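Following: one structure in structure tokens, then a few remarks.
Numbering (my numbering), first residue to last: 146 to 452.
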């Protein structure tokens with residue numbers, strides 16, 4: 146998949162971050178009985194309503210991007226913001242893995258679930274999408290009103306001067322600094338990839354990260370890390386999108402972290418129906434009007450056909 150890369154320098158950017166995002170949680174999954182559990186129930190609840198969608202990694206699994214907490218997902222220990230900014234070796238390790246992983250994400254394509262949401266938006270049944278994913282597959286499918294809550298994998302920001310560059314531009318610099326690295330780790334197709342474009346490779350000590358070419362500062366993907374904060378303006382837009390609709394549809398998210406769960410709590414607190422489609426228990430099940438234990442692609446496609 147090819148994304149149209151922005152010019153090397155996009156803007157000066159100041160991160161104003163006040164809302165807690167994806168902090169590690171002690172929540173342990175516990176079953177919550179939800180009375181309504183079928184697609185028929187979801188169609189009945191959503192019929193005649195305009196809704197907002199909140200999507201997570203489960204929406205992209207059928208595109209070949211694994212999720213974090215699905216029933217079949219291996220244990221993952223994503224790097225925290227504090228580790229990234231505080232330790233040069235952590236940054237080296239991250240950039241080496243990302244240099245492999247982002248190429249995998251960059252070649253993925255939208256699946257039927259992404260396309261079903263486009264159809265719902267085109268008919269004005271879907272107010273917009275708040276996505277916890279960084280893969281841009283909603284935009285690639287044709288969705289117009291998308292809030293990339295946790296950022297996007299195709300941009301990189303300097304933590305010193307705030308300049309933003311494209312990940313494609315950085316890849317060219319990293320290839321020049323590490324001409325034999327990709328060959329040394331093997332075929333990307335054989336490497337396990339995490340949802341945030343992190344590749345599971347161990348030998349990274351010989352990798353050379355690139356500093357900011359403008360000020361020499363530390364570069365970081367424009368992705369919200371665990372322990373980092375979501376910018377205020379982005380969260381306010383997301384709450385406004387929830388408020389603009391009559392219901393909330395959650396697709397492919399365990400809602401383990403507060404960055405997504407807060408929108409479910411908000412919608413339920415306003416008396417709006419909440420429909421959750423996810424394989425496995427979610428932290429928002431107790432707020433659900435309907436909870437469908439199924440893959441998102443088939444259910445979203447059916448909703449787009451029947452609503």
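Beta carbons: idealized from backbone N, C-alpha and C, even for Gly. All figures in this text were calculated on a predicted structure; none of them were measured in a lab.
Check                                                                                                                : Outcome
N-terminal and C-terminal residue of the alpha helix (DSSP H) that residue 237 is part of                            : 233 to 251
Residue 300 versus residue 411 - alpha carbon distance                                                               : 30 angstroms
Endpoints, the beta strand (DSSP E) within which residue 367 is located                                              : 364 to 368
Straight-line Cα distance separating residue 368 from residue 445                                                    : 26 angstroms
From 250, 320 and 400, residue whose alpha carbon lies closest to that of residue 211                                : 250
Residue 417 in three-state terms, based on DSSP                                                                      : coil
Residue of 274, 244 and 252 minimising C-alpha distance to residue 258                                               : 274
Where residue 393 sits in the DSSP three-state scheme                                                                : strand
Beta carbon of residue 420 nearer than 8 angstroms to that of residue 191                                            : yes
Through-space distance from residue 437 to residue 397, alpha-carbon basis                                           : 11 angstroms
Segments assigned alpha helix (DSSP H), at least 4 residues, entirely inside the stretch 296 to 325                  : 312 to 322
Stretch-stretch touch, CB-based, cutoff 8 angstroms, three pairs: the stretch 303 to 313 with the stretch 269 to 286 : no
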